[in-house]
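This report concerns only the one structure given below.
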Amino acid sequence: MISKPDKNKIRLRRHRRVRGKISGTAERPRLSVYRSNKNIYAQVIDDVKGVTLASASTLDSEVSGKTKTEKAASVGALVAKRANDKGISAVVFDRGGYLYHGRVQALAEAARENGLEF
357 MISKPDKNKI RLRRHRRVRG KISGTAERPR LSVYRSNKNI YAQVIDDVKG VTLASASTLD
417 SEVSGKTKTE KAASVGALVA KRANDKGISA VVFDRGGYLY HGRVQALAEA ARENGLEF
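Just so you know, we're using my numbering here: the sequence shown kicks off at 357 and counts up by one.
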């Protein structure tokens, strides 16, 4: 019998492959995205020191929107605002092995509109 490949395993393989090529520094940290079925999380990470510089998720009280895509855009705007407050204007976007479509795309475009460059 042919077994269907596990989507999350394939995503993790893609994520590991991309993470080998990109990493965040203090000057240009990494904007990492994690998407669950219910929520979306974004972090600005300095990989050299191993610290999170700014973060936002749909669990924050400032996030608003009816649909998951609207909430993702709100998270993108919030993480960009928090990063700008800490003096971060340029990042490397890490989509976490997800397709650049839907919630991930909405988050990225909102972050760009609110002052992050990538």
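Built from N, CA and C at the ideal position, the CB exists for glycine as well. The structure presented is a predicted model; accordingly, all values stated were derived computationally and were not measured.
Opposing strand residues paired with residue i [DSSP bridges]
i	result
Val-407	Asp-402
Tyr-397	Tyr-390 and Ser-413
CB of residue i within 9 angstroms of CB of residue j, strictly
i	j	result
Ile-401	Arg-386	yes
Ser-411	Gln-399	yes
Lys-437	Gly-471	yes
Glu-473	Ala-446	yes
Val-374	Arg-459	no
Ile-444	Leu-409	yes
Thr-381	Asp-403	yes
Ala-466	Ala-439	no
Lys-442	Thr-414	no
Which of helix, strand or coil DSSP assigns to residue i
i	result
Val-389	strand
Glu-473	strand
Leu-368	helix
Ala-382	coil
Glu-418	coil
Lys-363	helix
Leu-455	coil
beta-carbon residue i near the ligand GTP non-hydrogen atom, thresh 8 angstroms
i	result
Arg-370	No copy of the ligand GTP occurs in the structure displayed, which carries no ligand at all.
Nearest-angstrom beta carbon gap, residue j and residue i [assumed within contact, 8 angstroms]
i	j	result
Ile-396	Leu-455	So it is not a contact: roughly 14 angstroms between Cβ atoms.
Val-419	Val-431	6 angstroms
Arg-370	Gly-453	4 angstroms
**OP:** Jot down the residue ranges of each uninterrupted beta strand (DSSP E) in the segment 422–452, minimum 3 residues, whole runs only, in chain order.
**Re:** 448–450
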